[in-house]
Amino acid sequence: MTTLINCRGKLIDLAQPRVMGILNITPDSFFERSRVHTETEILNQAEKMLSAGATFLDLGGHSTRPGATPVSEEEEIKRVLPATEIILKHFPEALISIDTFRSNVAKACVEAGAVIVNDVSGGLLDDKMYKTVASFGDVPYILMHMRGTIETMTQLTQYDNLVLEVLDELQQKVAQLRTFNQRDIILDLGFGFAKNLDQNYELLNHLPDFEVMNLPMLVGVSRKSMIWRKLDILASEALNGTTALNAVALMKGANILRVHDVKEAIETISLIKAVNAR
Numbered sequence: 510m511t512t513l514i515n516c517r518g519k520l521i522d523l524a525q526p527r528v529m530g531i532l533n534i535t536p537d538s539f540f541e542r543s544r545v546h547t548e549t550e551i552l553n554q555a556e557k558m559l560s561a562g563a564t565f566l567d568l569g570g571h572s573t574r575p576g577a578t579p580v581s582e583e584e585e586i587k588r589v590l591p592a593t594e595i596i597l598k599h600f601p602e603a604l605i606s607i608d609t610f611r612s613n614v615a616k617a618c619v620e621a622g623a624v625i626v627n628d629v630s631g632g633l634l635d636d637k638m639y640k641t642v643a644s645f646g647d648v649p650y651i652l653m654h655m656r657g658t659i660e661t662m663t664q665l666t667q668y669d670n671l672v673l674e675v676l677d678e679l680q681q682k683v684a685q686l687r688t689f690n691q692r693d694i695i696l697d698l699g700f701g702f703a704k705n706l707d708q709n710y711e712l713l714n715h716l717p718d719f720e721v722m723n724l725p726m727l728v729g730v731s732r733k734s735m736i737w738r739k740l741d742i743l744a745s746e747a748l749n750g751t752t753a754l755n756a757v758a759l760m761k762g763a764n765i766l767r768v769h770d771v772k773e774a775i776e777t778i779s780l781i782k783a784v785n786a787r
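Here the sequence shown stands for residues 510 to 787, where the numbers follow this note's numbering.
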């Protein structure tokens, strides 16, 4: 599997699992404690995550939870662009991923110093995204599987064969990205996006099946409803469940864990590494 990615000139080897910390510059993301708004809050959270061992910081300015209130492109840029600039001013070595489905938002933040584009729509919601990201040459693209839109995805969970269909749809998108000469692509199976509760667990169990694509994989299950609904708890109580599923993901080949709680994810990686060394 190809594990080396080029983040605007900095080579990162994902053979050693990495952690991506989540910073939501939004008022309505599903996990309240991930939301940051002021410069002080943004910098404090960034410092905490980087100090805990995060390799990447994922900045999002548009909530993608089911039922989220849409925001304009202008408002999204107004949220994430200053955050990108503030973090890089204080932590110039930080590797920032911009979590957006809009090519103009991605472009603005990459030009300000972001090094990865994380697109939850996999290019579905902006037909200029692939060309825009590929034009930078050395910006990895996180390709997530989703169907429909943020508003309709919960109604699009009908699959005859979940694993094969998700695999096929991702392969088609990878082929499209390659026509634009996109170099580094990271897969995200899209837990919670156009999948019901049981389908999320089926996909996680079949994570090794996606190694056939020879691309690194990001797993983002942190505090999601697949955990707290299954356990009948709140998102604020889902850290233990998140850690359990992150351990499963690592044992099944995940290269990046996208999380709200960096310290715990780093500890999980260390323990799984110890197990695998035996």
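Glycine included, each C-beta is placed from N, C-alpha and C at the ideal position.
Computed from a predicted structure; not experimentally measured.
- A direct Cα-to-Cα measurement between GLN667 and LEU676 gives close to 15 Å.
- Our two residues, GLY750 and ASP693, have alpha carbons roughly 31 Å apart in a direct line.
- Distance from the CA of ALA617 to the CA of ALA786, rounded to the nearest whole angstrom, comes to 42 Å.
- With respect to the 9 Å criterion, VAL626 and ILE596 are not classified as neighbours on the basis of their beta carbons.
- Note that the C-beta distance between VAL629 and ILE586 is not below 9 Å.
- With fewer than 16 other Cβ atoms inside 10 Å of its own Cβ, GLY518 counts as exposed.
- At a Cβ-Cβ threshold of 9 Å, PHE610 and HIS571 count as neighbours.
- The alpha-carbon of ILE781 is positioned some 32 Å away from that of GLU550.
- Taking each of ALA703, PHE689, LEU686, VAL648 in turn and checking the Cα distance to THR661, the smallest one comes out for ALA703.
- Under DSSP, TYR710 shares a beta bridge with no residue.
- Taking all protein chains shown into account, LYS598 has fewer than 16 neighbouring C-beta atoms within 10 Å of its C-beta and is therefore exposed.
- Between the alpha carbons of GLU678 and THR573 lies a gap of roughly 20 Å.
- The alpha carbon of LYS739 has as its nearest neighbour, out of TYR710, LEU716, THR777, the alpha carbon of TYR710.
- For VAL672, the enclosing alpha helix (DSSP H) covers residues 671-688.
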